[in-house]
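Peer 1: First, the structure itself, so that you have it in front of you.
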Amino acid sequence: PSDLVAALRASSRPINSALNSERTRLSGTATDFISTAVSALGRFFESLLPQYFPTLLTLCTRANKVFVARAKTCIHAVIEHTQSPVILHYLVESVKDKSVSLRLASAEAVLLCLNSFNPPDLEKEARAKDIENIIRVSAVDANADVRKVARKIFDAYKILLPGRVHRCVLLDA
(Lines of atoms letter the chains of each structure in order from A and count residues from 1; the text may use other names and numbers.)
(Lines give C-alpha, C1' and ligand atoms only; values in the text may rest on other atoms or scores of the structure.)
Protein backbone atom coordinates (compact mmCIF):
# COMPACT_ATOMS: atom_id res chain seq x y z
CA PRO A 1 0.00 0.00 0.00
CA SER A 2 2.80 2.47 0.73
CA ASP A 3 4.10 2.18 -2.85
CA LEU A 4 0.64 2.89 -4.24
CA VAL A 5 0.17 5.85 -1.87
CA ALA A 6 3.54 7.26 -2.97
CA ALA A 7 2.63 6.80 -6.65
CA LEU A 8 -0.76 8.48 -6.16
CA ARG A 9 0.84 11.35 -4.29
CA ALA A 10 3.40 11.85 -7.06
CA SER A 11 0.68 11.67 -9.72
CA SER A 12 -1.81 13.93 -7.97
CA ARG A 13 -1.34 16.89 -10.32
CA PRO A 14 -2.15 15.03 -13.59
CA ILE A 15 -4.95 13.04 -11.93
CA ASN A 16 -6.52 16.23 -10.56
CA SER A 17 -6.15 17.81 -13.96
CA ALA A 18 -8.02 14.86 -15.48
CA LEU A 19 -10.69 15.09 -12.76
CA ASN A 20 -11.20 18.78 -13.55
CA SER A 21 -11.35 18.21 -17.28
CA GLU A 22 -14.45 19.38 -19.15
CA ARG A 23 -14.30 16.13 -21.11
CA THR A 24 -16.72 13.75 -19.44
CA ARG A 25 -14.92 10.59 -20.46
CA LEU A 26 -11.57 11.79 -19.14
CA SER A 27 -13.04 13.11 -15.90
CA GLY A 28 -15.15 9.97 -15.47
CA THR A 29 -12.14 7.70 -15.93
CA ALA A 30 -10.16 9.69 -13.37
CA THR A 31 -13.08 9.56 -10.92
CA ASP A 32 -13.40 5.79 -11.40
CA PHE A 33 -9.65 5.47 -10.89
CA ILE A 34 -9.82 7.31 -7.57
CA SER A 35 -12.79 5.15 -6.47
CA THR A 36 -10.84 2.00 -7.30
CA ALA A 37 -7.71 3.29 -5.54
CA VAL A 38 -9.77 4.12 -2.45
CA SER A 39 -11.31 0.66 -2.33
CA ALA A 40 -7.87 -0.93 -2.74
CA LEU A 41 -6.15 1.26 -0.13
CA GLY A 42 -8.89 1.62 2.47
CA ARG A 43 -7.61 3.57 5.47
CA PHE A 44 -4.25 4.14 3.79
CA PHE A 45 -5.98 6.62 1.45
CA GLU A 46 -6.39 9.02 4.39
CA SER A 47 -2.96 10.55 3.77
CA LEU A 48 -4.08 11.38 0.21
CA LEU A 49 -7.24 13.25 1.24
CA PRO A 50 -5.62 16.72 0.94
CA GLN A 51 -4.60 15.95 -2.65
CA TYR A 52 -7.91 14.58 -3.95
CA PHE A 53 -10.89 15.34 -1.71
CA PRO A 54 -11.10 19.11 -2.40
CA THR A 55 -11.09 18.38 -6.14
CA LEU A 56 -13.92 15.88 -5.75
CA LEU A 57 -15.92 18.46 -3.81
CA THR A 58 -15.27 21.04 -6.53
CA LEU A 59 -16.70 18.66 -9.13
CA CYS A 60 -20.00 18.83 -7.23
CA THR A 61 -20.33 22.49 -8.20
CA ARG A 62 -20.61 21.68 -11.91
CA ALA A 63 -23.86 22.23 -13.75
CA ASN A 64 -23.55 18.89 -15.54
CA LYS A 65 -25.35 16.25 -13.48
CA VAL A 66 -23.09 13.49 -14.80
CA PHE A 67 -20.05 15.16 -13.19
CA VAL A 68 -21.94 15.70 -9.95
CA ALA A 69 -23.22 12.10 -9.79
CA ARG A 70 -19.75 10.66 -10.41
CA ALA A 71 -18.17 12.96 -7.85
CA LYS A 72 -20.80 12.02 -5.23
CA THR A 73 -20.22 8.32 -5.88
CA CYS A 74 -16.47 8.79 -5.45
CA ILE A 75 -16.92 10.89 -2.29
CA HIS A 76 -19.14 8.17 -0.82
CA ALA A 77 -16.49 5.56 -1.68
CA VAL A 78 -13.84 7.67 0.07
CA ILE A 79 -16.03 7.95 3.17
CA GLU A 80 -16.94 4.27 3.29
CA HIS A 81 -13.43 2.93 2.69
CA THR A 82 -11.24 5.37 4.63
CA GLN A 83 -13.55 5.77 7.65
CA SER A 84 -11.61 8.94 8.44
CA PRO A 85 -13.26 11.67 10.55
CA VAL A 86 -10.81 14.15 8.96
CA ILE A 87 -13.29 14.25 6.05
CA LEU A 88 -15.67 16.27 8.24
CA HIS A 89 -13.19 19.15 8.19
CA TYR A 90 -13.58 19.46 4.41
CA LEU A 91 -17.36 19.18 4.58
CA VAL A 92 -17.75 21.98 7.16
CA GLU A 93 -16.62 24.57 4.63
CA SER A 94 -18.46 23.11 1.66
CA VAL A 95 -21.90 23.24 3.32
CA LYS A 96 -21.49 27.05 3.25
CA ASP A 97 -20.74 27.20 -0.48
CA LYS A 98 -22.95 29.13 -2.91
CA SER A 99 -23.47 26.03 -5.07
CA VAL A 100 -26.66 24.18 -4.13
CA SER A 101 -25.38 20.91 -5.61
CA LEU A 102 -22.22 21.10 -3.46
CA ARG A 103 -24.18 21.94 -0.31
CA LEU A 104 -26.51 19.00 -0.94
CA ALA A 105 -23.65 16.62 -1.76
CA SER A 106 -21.81 17.74 1.38
CA ALA A 107 -24.87 17.29 3.60
CA GLU A 108 -25.43 13.80 2.17
CA ALA A 109 -21.75 13.01 2.77
CA VAL A 110 -22.03 14.16 6.40
CA LEU A 111 -25.04 11.89 6.87
CA LEU A 112 -23.06 8.99 5.42
CA CYS A 113 -20.18 9.84 7.79
CA LEU A 114 -22.49 9.72 10.81
CA ASN A 115 -23.96 6.42 9.67
CA SER A 116 -20.67 4.71 8.89
CA PHE A 117 -17.93 6.10 11.15
CA ASN A 118 -16.96 4.66 14.50
CA PRO A 119 -18.94 6.64 17.15
CA PRO A 120 -15.96 7.17 19.51
CA ASP A 121 -14.16 8.97 16.66
CA LEU A 122 -17.09 11.38 16.34
CA GLU A 123 -17.32 12.01 20.10
CA LYS A 124 -14.09 14.01 20.11
CA GLU A 125 -14.75 17.68 20.81
CA ALA A 126 -13.46 18.99 17.47
CA ARG A 127 -15.48 16.48 15.42
CA ALA A 128 -18.65 17.05 17.45
CA LYS A 129 -18.30 20.82 16.95
CA ASP A 130 -17.83 20.29 13.21
CA ILE A 131 -21.04 18.24 13.09
CA GLU A 132 -22.90 20.86 15.14
CA ASN A 133 -21.73 23.63 12.80
CA ILE A 134 -22.85 21.62 9.78
CA ILE A 135 -26.27 21.08 11.37
CA ARG A 136 -26.62 24.80 12.16
CA VAL A 137 -25.72 25.90 8.65
CA SER A 138 -27.69 23.20 6.83
CA ALA A 139 -30.84 23.53 8.94
CA VAL A 140 -31.42 27.09 7.69
CA ASP A 141 -30.29 26.52 4.11
CA ALA A 142 -32.30 28.18 1.34
CA ASN A 143 -32.73 24.82 -0.43
CA ALA A 144 -35.43 22.49 0.92
CA ASP A 145 -33.51 19.33 -0.04
CA VAL A 146 -30.50 20.44 2.01
CA ARG A 147 -32.79 21.16 4.97
CA LYS A 148 -34.32 17.66 4.68
CA VAL A 149 -30.87 16.09 4.81
CA ALA A 150 -29.98 18.40 7.72
CA ARG A 151 -32.95 16.97 9.62
CA LYS A 152 -31.66 13.44 8.98
CA ILE A 153 -28.19 14.53 10.13
CA PHE A 154 -29.69 15.92 13.35
CA ASP A 155 -31.64 12.68 13.93
CA ALA A 156 -28.43 10.64 13.54
CA TYR A 157 -26.58 13.13 15.76
CA LYS A 158 -29.20 12.69 18.53
CA ILE A 159 -28.58 8.92 18.47
CA LEU A 160 -24.78 9.11 18.30
CA LEU A 161 -24.15 11.98 20.72
CA PRO A 162 -27.17 12.21 23.04
CA GLY A 163 -25.18 14.04 25.71
CA ARG A 164 -24.39 16.94 23.38
CA VAL A 165 -27.87 17.46 21.90
CA HIS A 166 -28.91 19.85 24.66
CA ARG A 167 -25.82 22.01 24.08
CA CYS A 168 -26.37 22.01 20.30
CA VAL A 169 -30.05 22.97 20.63
CA LEU A 170 -29.29 25.71 23.18
CA LEU A 171 -26.71 27.27 20.89
CA ASP A 172 -29.27 27.35 18.07
CA ALA A 173 -31.90 29.13 20.17
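Numbering-wise (my numbering), the sequence shown opens with residue -8 and increments by one.
Just so you know, even glycine gets a beta-carbon here, dropped at the ideal spot from N, CA and C.
Computed from a predicted model, the values in this text were never measured in an experiment.
(1) Have a look at ILE150 and THR46 and give me their C-alpha separation to the nearest angstrom.
(2) So the candidates are ASP88, SER85, GLU99 and GLU84; which of them puts its Cα closest to the Cα of ILE70?
(3) Write down every uninterrupted run of the beta strand (DSSP E) in the segment 20 to 79 whose length is 3 residues or greater and which is fully enclosed by it, in chain order.
(4) Using only the alpha-carbon positions, how far apart do LEU95 and SER129 sit?
(5) Apart from the five residues just before and just after ARG53, which ones in its own chain have a Cβ nearer than 7 Å to its Cβ?
(6) Considering Cα atoms alone, identify which of SER3, LEU(-5), LYS56 and SER107 is closest to LEU79.
(7) Near ILE66, what residues of its chain come up, given a Cβ to Cβ distance below 8 Å and the 5 sequence neighbours on each side ignored?
(8) In its own chain, which residues sit with a C-beta less than 7 Å from the C-beta of ARG118, not counting the 5 before and 5 after it?
(9) Can you grab the Cα-Cα spacing for the pair ASP136 / SER(-7), in whole Å?
(10) Are the Cβ atoms of VAL29 and PHE36 separated by less than 7 Å?
(11) Can you check the segment 121 to 162 for any alpha helix (DSSP H) of at least 4 residues that lies completely inside it and give the ranges in chain order?
(12) Give the range of the alpha helix (DSSP H) segment to which SER97 is assigned.
(13) Return the chain-ordered list of same chain residues with a C-beta closer than 7 Å to the C-beta of VAL83, the five sequence neighbours on each side being excluded.
(14) Does the separation of the CB atoms of ILE144 and LEU102 fall below 7 Å?
(15) CB GLY33 to CB HIS72, shorter than 7 Å?
Peer 2: Put simply:
(1) 32 Å
(2) GLU99
(3) none
(4) 9 Å
(5) VAL59
(6) SER107
(7) PHE44, LEU47, LEU48, CYS51, ALA96 and ALA100
(8) PRO76, LEU79 and ASP112
(9) 40 Å
(10) yes
(11) 135 to 151
(12) 91 to 107
(13) ASP121, ASN124 and ILE125
(14) yes
(15) yes
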